[in-house]
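K.L.:
Numbering (my numbering), first residue to last: 1266 to 1378.
Glycine included, C-beta positions come from ideal geometry on N, C-alpha and C.
Predicted model, so just to flag it, every value in this text is computed and none were measured.
Structure in structure tokens, see below.
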């Protein structure tokens, strides 16, 4: 699996009842989403993006929100003057799923535009 593979995938609905991704597996996926880090014992995936001003951060947060609505996988988004923090977690399993890494790769793609 590489970054291109993740970007071309779409999120699949998670019904719950499955275990979250093991930390060792999450660490292997992490290599495919530069800039992201594992948080809270590998139950969340986080990245902070930097911008030159408030409007840049807000515009990015809006692009991420539209992408996430399209994919049906919603992060926590926090933004302010010059920054936007994105945190993914699959809430139904209280941990990480491949969907979180798919979305991180897609967000990275948006940030490169």
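1. Less than 8 angstroms between the C-beta atoms of residue 1355 and residue 1288, yes or no?
2. If you draw a straight line from the C-alpha of residue 1325 to the C-alpha of residue 1283, how long is it?
3. Count the other C-beta atoms from every protein chain shown that fall within 10 angstroms of the C-beta of residue 1367, then say buried if there are 16 or more, exposed otherwise.
4. For residue 1341, which residues in the same chain have their Cβ closer than 6 angstroms to its Cβ, ignoring the five residues on either side in sequence?
5. First and last residue of the beta strand (DSSP E) that includes residue 1328?
6. Under the rule that 16 or more other beta-carbon atoms within 10 Å means buried, what is residue 1318, buried or exposed?
7. Give the list of continuous alpha helix (DSSP H) stretches no shorter than 4 residues that lie fully inside the segment 1347 to 1376.
P.N.:
The relevant details are as follows:
1. Taking the chain shown and counting its residues from 1, the one referred to as residue 1355 is at position 90. Taking the chain shown and counting its residues from 1, the one referred to as residue 1288 is at position 23. It is not a contact, given that the beta carbons lie outside the stated cut-off.
2. Indexing the chain shown from 1 puts residue 1325 at position 60. Indexing the chain shown from 1 puts residue 1283 at position 18. Distance between the alpha carbons of residue 1325 and residue 1283: 32 angstroms.
3. As a first step, residue 1367 must be located in the chain shown, where it is residue number 102. By the neighbour-count rule (16 or more Cβ atoms within 10 Å), residue 1367 is buried.
4. Taking the chain shown and counting its residues from 1, the one referred to as residue 1341 is at position 76. Excluding residues within five positions, the ones whose Cβ falls inside 6 angstroms are 1352.
5. The sequence position of residue 1328 within the chain shown is 63, counting from 1. Unbroken run through residue 1328 is the alpha helix (DSSP H), 1319 to 1336; no beta strand (DSSP E).
6. Reading the chain shown from its first residue, position 53 is the one you call residue 1318. Per the 10 Å Cβ criterion, exposed.
7. 1363 to 1376
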